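Asker:
Numbering (my numbering), first residue to last: 1 to 217.
(1) Just checking residue 142 against the ligand ZN - is the residue's beta carbon closer than 7 Å to any of the ligand's heavy atoms?
(2) Out of curiosity, what's the CA-to-CA distance linking residue 127 and residue 160?
(3) With H, G and I counted as helix, E and B as strand and the rest as coil, what does DSSP make of residue 81?
(4) Per DSSP, residue 170 is paired with what?
(5) Use the C-beta contact count for residue 8: other C-beta atoms within 10 angstroms, 16 or more gives buried, fewer gives exposed.
(6) Could you work out which residue in 112, 151, 108 and 138 is closest to residue 123 when comparing CA atoms only?
(7) Does the segment 55–62 come close enough to the segment 70–88 that 3 or more CB-CB pairs lie under 8 Å?
(8) Using alpha carbons as the reference points, say which of 173, 206 and 2 lies closest to residue 66.
(9) I think residue 78 touches residue 190, with their Cβ atoms under 8 Å apart; what is that distance to the nearest whole Å?
(10) In angstroms with no decimal places, state the Cα-to-Cα distance between residue 196 and residue 110.
(11) What residue range is occupied by the uninterrupted alpha helix (DSSP H) comprising residue 195?
(12) With residue 6 and residue 26 assumed to form a contact (beta carbons below 8 Å), what rounded beta-carbon distance in angstroms separates them?
(13) Would the segment 125–144 and the segment 80–90 be scored as touching if the rule is three or more Cβ pairs under 8 Å?
(14) Residue 139 by DSSP, collapsed to three states: which one?
(15) Taking C-alpha atoms, which residue in 208, 153, 30 and 184 lies nearest to residue 90?
(16) Let's test the definition: count the other Cβ atoms within 10 Å of the Cβ of residue 24 and tell me whether it reaches 16, buried, or not, exposed.
(17) Pick from 156, 117, 107 and 108: whose alpha carbon is nearest that of residue 138?
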């Protein structure tokens, strides 16, 4: 509600939406909800910007009025928090699966376990460099160069550019490993989930009522 009211009051000429979303996160944090997975829906709103504007227009009716029905807004925010959390859970599950996949590849090729750092980054689409690898593993520049060369020889990384500015990306084998652990991006509508569970409970209760157990059974 702090988010909604701040947006509709619109106290500044610019930045009201961004500040309102920050206020929402601040309110949740002040209540002890500190995990970004549950305290922020910024990413979700960015991916659903039109529906965000639509619900603001529906509830706000172009100006702030505390008597307007805010239920559509509350439902919208709850859906956003649920689906943002589900998205983050999926990412954690994918990261765990990718790590295990990479460790299997490392074992298969007889590589050092520290090689998972550049392989993991590259599989996620991050360009790897000698300096980045050294920062992650605290190895020397010579060791980093040798390790990255070994990954290229194993057809797990692809080199780009000259020696001083060289970067590395995932080779096809590593991209395939990433693809194999992707989880289908289907995020349930929480209200439909609740309705489905409620209907199932009603059905089971009705079946129990129509087929009562005999005494002693």
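In this text, a Cβ means the ideal position worked out from N, Cα and C, and glycines have one as well.
In this text the structure is predicted, and so the values were computed from the model without any measurement.
Answerer: With the given structure in hand:
(1) As for the ligand ZN, it is missing from this structure, which has no ligand bound.
(2) Numbered from its first residue, the chain shown carries residue 127 at position 127. Numbered from its first residue, the chain shown carries residue 160 at position 160. Whole-angstrom Cα-Cα distance: 10 Å.
(3) Against the chain shown, residue 81 aligns to sequence position 81. Helix at residue 81.
(4) In the chain shown, counting from the first residue as 1, residue 170 sits at position 170. Answer is 157.
(5) Position 8 of the chain shown holds residue 8. With 16 or more Cβ atoms within 10 Å of its Cβ, residue 8 is classed as buried.
(6) Along the chain shown, read from residue 1 onward, the residue named residue 123 stands at position 123. For the options 112, 151, 108 and 138, the alpha carbon positioned closest to that of residue 123 is the one of 151.
(7) As far as the Cβ criterion goes, the segment 70–88 touches the segment 55–62, which means the pair count is three or higher.
(8) In the chain shown, residue 66 corresponds to position 66, counting from 1. Residue 2 is the option with its Cα nearest to residue 66.
(9) For this step, residue 78 is matched to residue 78 along the chain shown. For this step, residue 190 is matched to residue 190 along the chain shown. Your pair residue 78 and residue 190 checks out as a contact, with CB atoms roughly 7 Å apart and the cut at 8 Å.
(10) The count along the chain shown starts at 1 and reaches residue 196 at position 196. The count along the chain shown starts at 1 and reaches residue 110 at position 110. Rounded to whole angstroms, residue 196 to residue 110 spans 50 Å at the Cα level.
(11) Here residue 195 is taken as the residue at index 195 of the chain shown, counted from 1. That run of the alpha helix (DSSP H) goes 190–210.
(12) Numbered from 1 along the chain shown, position 6 holds the residue referred to as residue 6. Numbered from 1 along the chain shown, position 26 holds the residue referred to as residue 26. The beta-carbon separation of residue 6 and residue 26, rounded to 11 Å, does not stay under the 8 Å limit for a contact.
(13) Counting Cβ pairs under 8 Å, fewer than three are found: no touch.
(14) Within the chain shown, residue 139 is the residue found at index 139, counting from 1. If DSSP states are grouped into helix, strand and coil, residue 139 belongs with coil.
(15) Counted from its first residue, the chain shown places residue 90 at position 90. Comparing C-alpha distances from residue 90 to each of 208, 153, 30 and 184 shows the shortest one belongs to 184.
(16) One-based indexing of the chain shown puts residue 24 at position 24. Result: buried.
(17) Mapped onto the chain shown, residue 138 falls at position 138. Nearest option by C-alpha distance: 117.
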